[in-house]
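> Below you'll find the structure I mean.
Protein chains: 2
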Amino acid sequence: MGYERNAIARMHGYVPGKQPASATTIKLNTNENPYPPSAAVMQALHSVQAEVLRRYPEPMAEAFRAQAARVHGLRPEEIVAVNGGDELLRMAVTTFVEPGAPIGVLEPSYSLYPVLAEIHGSPVVRVDARDDFSPPDDFAARINAAGVSLALLVNPHAPAGKLLGAREIATIAKQLRCVLLVDEAYVDFVEPALCHDLLPLLREHDNVLFLRTLSKGYSLAGLRFGYGIGCESLIAPLLGKTRDSYNVDVVAQRLATAALVDRASAQLTWQRVRDERSRVRSALQGLGCKVPESHSNFLLAEVAGKRLTAEATHRELEARGVLVRYFAMPRLDQSLRITIGTPEQNDRLLALLRELWT
Amino acid sequence: MGYERNAIARMHGYVPGKQPASATTIKLNTNENPYPPSAAVMQALHSVQAEVLRRYPEPMAEAFRAQAARVHGLRPEEIVAVNGGDELLRMAVTTFVEPGAPIGVLEPSYSLYPVLAEIHGSPVVRVDARDDFSPPDDFAARINAAGVSLALLVNPHAPAGKLLGAREIATIAKQLRCVLLVDEAYVDFVEPALCHDLLPLLREHDNVLFLRTLSKGYSLAGLRFGYGIGCESLIAPLLGKTRDSYNVDVVAQRLATAALVDRASAQLTWQRVRDERSRVRSALQGLGCKVPESHSNFLLAEVAGKRLTAEATHRELEARGVLVRYFAMPRLDQSLRITIGTPEQNDRLLALLRELWT
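Respectively, the protein sequence lines represent chains A and B. Last residue of the first sequence: 358 (my numbering), numbering continuous. Last residue of the second sequence: 1358 (my numbering), numbering continuous.
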């Protein structure tokens, strides 16, 4: 019996996707962008001077927030920089949820949400998604009825890729009597023809907090940098009270700023990922998988009527040096979540699947 | 009225020391090491490749923990890497303190401790330090009587520099019925002749958690990197459950590892700081200040019987481009906390004080 709280002793920690030891492994399991970060980011890295490391960083990440404000047409007061999107999730729980008060999630979604709730001592109100992984019409009503303080929605959905538009999110936000965190980790990969943009909602809804990350869209998963966007009254307590005083280091601040300045480079990678997403989806459908339309940099492929189950396929792929993600959870345990890689990586995956399944 | 918890709405955030806009300002206010980080750290920085940024970092910081274990003669299971020492403080609160249960501190000490308690909804049990800033003999008894789950002691003391030895800490740890976090942020600057080393205590006491940081000793305040040390049962929940999954980024992991590998470089700076600490203390005493012996990289100088109060001195120094720290708090409001700078910076400070006070 240790010194940790009972809730901590009882819980299981979050298990991140595997980071392989071998450099030749094809990693299609943790939704990294297959293309490298912009050359401007590398230049920013290599120009960091010793004096800058010696001193404390700018505690509020002013330069980054100014740049993010320019990109999104917002004010810096509407933005908070965080040590990876996960930190914003934790900070939202700390800031908006009384210990023990419930947290609302759509089921299934990002498996970290219930872990954060458990750490906080909060029960999780799970609302089952519809077959297409969108929230049911009574999502907000059920969240409200349960007295939830914070509802979490990942959009595009993970692990399915389904996108909700501004009207759907606005309806939910308006109905909810609590904070709605919209986790936009994958928003950079949405089809541009849709002109998808939820940020104007913050002008109408003082309870919507958006999460952005540089991990996927900007190829900077190693850097741990994300940001929160919301109206000033929602951002202020995160920025000035519950955030660790120096939560983002000076190197990360500089590289993240450079990444947003050279957003055009990242945008080229988004289009390449979309092109491959469409090709890989068709190929998987050609292999007989059900694959919902995805606006993310991954596909959820249902494995049915094959010689191997999804779980066995995942295992056999790993033995052949290709990692994909398998979730041993209701509604997901017949599927594989496959990150979109380079054309060569995707070809290798598809060839292996053909071999394993036929 | 916003969506944040009542406790958050009521509280004031932590106010970090000023980060000056001007490069010519002499910063003796936030306890940075005046000397640059090791060349090996800069080399590690400049050799980071794009591919490394693109992928998620090693979630458990294995390489760093292995190196820290080598340095301290411990096992990696006894070490957790954190995004600056402040993160370990927050994680200790989250892990060991039921929301609402009290946290114990010596008063005065690091002003972040009560802020973390307030965020957690925990009352603070404050035990007044003796005149020499050491804990009174009944420190543990009073902490126990108040039902505290986590007691925080900074050693060497901040903002005074007083050092408690292994026997004193062992006595407190043994008496306490809760976790004792010993914040060793400044331990690198302890006089080596004392052979001060508390880490063996973790073999005898399963409730002692040590905090180390690379911010001061290794001149890496900009990088945000620290680590916790304790017996495996104390470290395990921090490492596997309450830590953000990828809490330290890949650049920070590599630079921190390089810094520990080239510890000899940092040790040279520690001796230079100690030499100056002794010289500046004598000079301040020569100016009529009471200055307790300090084992940190700062001095607490009591300003009494001068033409200017401590507060006014602090203000006038700032107007002349020299920042020192002033705390408007009982027992500290007649003093200045002065970080040890380079000999030239210290000379400039001493010259200004002579000018202002005589």
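Just so you know, even glycine gets a beta-carbon here, dropped at the ideal spot from N, CA and C.
(1) Can you find the residues in the same chain that come closer than 8 Å, C-beta to C-beta, to B/A1328, ignoring five residues on each side of it along the sequence?
(2) Does any CB atom of chain A fall closer than 9 Å to the CB of B/A1066?
(3) Can you give the Cα-Cα distance for B/A1141 and A/E118, rounded to whole angstroms?
(4) Can you give me the Cβ contacts of B/G1165 inside the same chain, cut-off strictly under 8 Å, excluding the 5 residues immediately before and after it?
(5) Output, in chain order, the set of chain B residues within a Cβ distance shorter than 8 Å of A/D244.
(6) Of all the alpha helix (DSSP H) runs that stay within the bounds of the segment 74-104 of chain A, which reach a length of 4 or more residues?
(7) Are the CB atoms of B/F1064 and B/V1248 within a distance shorter than 9 Å?
(8) With a cut-off of 9 Å, does the C-beta of A/A221 fall near any C-beta of chain B?
(9) Could you list the residues in the segment 1089-1117 of chain B with a C-beta less than 8 Å from some C-beta on chain A, going in chain order?
(10) Could you round the C-beta distance between B/V1324 and B/N1033 to whole angstroms and report it? I think they count as a contact, below 8 Å.
(11) Give me the DSSP bridge partner(s) of A/L209.
(12) Relative to the alpha-carbon of A/P136, which residue among A/L211, A/L260, A/T171 and A/P123 has its alpha-carbon at the smallest distance?
(13) Evaluate contact between the segment 1082-1092 of chain B and the segment 1289-1308 of chain B, counting only Cβ atoms and requiring at least three cross-stretch pairs below 8 Å.
(14) Using CA atoms only, rank isn't needed, just tell me which of B/K1241, B/P1237, B/A1129 and B/R1177 is closest to B/P1108.
(15) Tell me, please, whether the CB atom of A/Q267 is closer than 9 Å to any CB atom in chain B?
(16) When the distance is taken between beta carbons, is B/L1239 closer than 9 Å to B/M1060?
(17) Pick helix, strand or coil for B/S1335, following the three-state DSSP scheme.
(18) Of all Cβ atoms in chain B, is any one closer than 9 Å to the Cβ of A/L234?
(19) Would you kindly work out how many angstroms separate the C-alpha atoms of B/L1352 and A/V154, rounded to a whole number?
(20) Could you check whether B/E1078 and B/E1232 sit closer than 9 Å to each other, using their CB atoms as the reference points?
(21) Check whether the segment 340-348 of chain A and the segment 38-48 of chain A touch, using three or more Cβ-Cβ pairs below 8 Å as the test.
(22) Quick one: is the Cβ of A/L300 within less than 8 Å of any heavy atom of the ligand SAH?
(23) Can you tell which of B/N1144, B/I1169 and B/A1185 has the C-alpha that lies nearest to the C-alpha of B/S1178?
(24) Taking B/A1050 as the query, report the chain A residues whose CB atoms sit under 7 Å from its CB, ordered along the chain.
(25) Excluding the 5 residues flanking A/L332 on each side, which residues of the same chain have their C-beta closer than 6 Å to its C-beta?
(26) Give the residues of chain B in contact with A/M329, contact being defined as C-beta atoms less than 7 Å apart.
(27) Does chain A have any CB closer than 9 Å to the CB of B/T986?
(28) How big is the Cα-Cα spacing for B/R1254 and A/F139?
(29) Relative to chain A, which residues along the segment 1183-1215 of chain B have a C-beta separation below 7 Å, given in chain order?
(30) Kindly indicate if chain A contains any beta-carbon less than 9 Å away from that of B/K1027.
(31) Nearest by alpha-carbon distance to B/V1251: which of B/R1274, B/R1224 and B/A1266 is it?
(32) Name the two residues that bound the continuous alpha helix (DSSP H) containing B/G1286.
(33) Is A/V397 helix, strand or coil when you go by DSSP?
(34) Closest to B/A1160 by C-alpha separation, out of B/H1314, B/P1036 and B/N1031, would be which residue?
Let me spell this out:
(1) E1311
(2) B/A1066 is outside the set of residues whose beta carbon lies under 9 Å from a beta carbon in chain A.
(3) 32 Å
(4) Here the set comprises L1194 and H1196.
(5) N1083, G1084, D1086, E1087 and R1090
(6) Whole alpha helix (DSSP H) segments, 4+ residues: 85-96.
(7) yes
(8) yes
(9) R1090, T1094, T1095, F1096, V1097, E1098, P1099, G1100 and L1112
(10) Actually they are not in contact, since the Cβ atoms of B/V1324 and B/N1033 sit about 16 Å apart, beyond 8 Å.
(11) In the DSSP output, where bridge partners are listed per residue, A/L209 has A/L181.
(12) A/T171
(13) These segments do not touch.
(14) B/A1129
(15) no
(16) yes
(17) strand
(18) yes
(19) Each residue's Cα considered, the two are about 57 Å apart.
(20) Cβ distance < 9 Å, so B/E1232 and B/E1078 count as in contact.
(21) no
(22) Of the ligands one can find in the structure shown there are none, so the ligand SAH has no counterpart to examine.
(23) In the sequence under discussion, the amino acid at residue 1178 of chain B is Cys, which differs from the Ser named in the question. Minimum Cα distance to B/C1178 is reached at B/N1144.
(24) Going along chain A in sequence order, the residues near B/A1050 (Cβ under 7 Å) are P36, P37 and M42.
(25) P108
(26) At a C-beta separation below 7 Å, A/M329 has no neighbours in chain B, since its nearest C-beta there lies roughly 18 Å away.
(27) This structure gives no information on residue 986 of chain B, because the portion of chain B shown stretches from 1001 to 1358.
(28) Distance between the alpha carbons of B/R1254 and A/F139 is about 44 Å.
(29) N1207
(30) yes
(31) B/R1224
(32) R1263 to G1286
(33) Residue numbering for chain A in the displayed model covers 1 to 358; residue 397 of chain A lies beyond these limits and cannot be assessed.
(34) B/N1031
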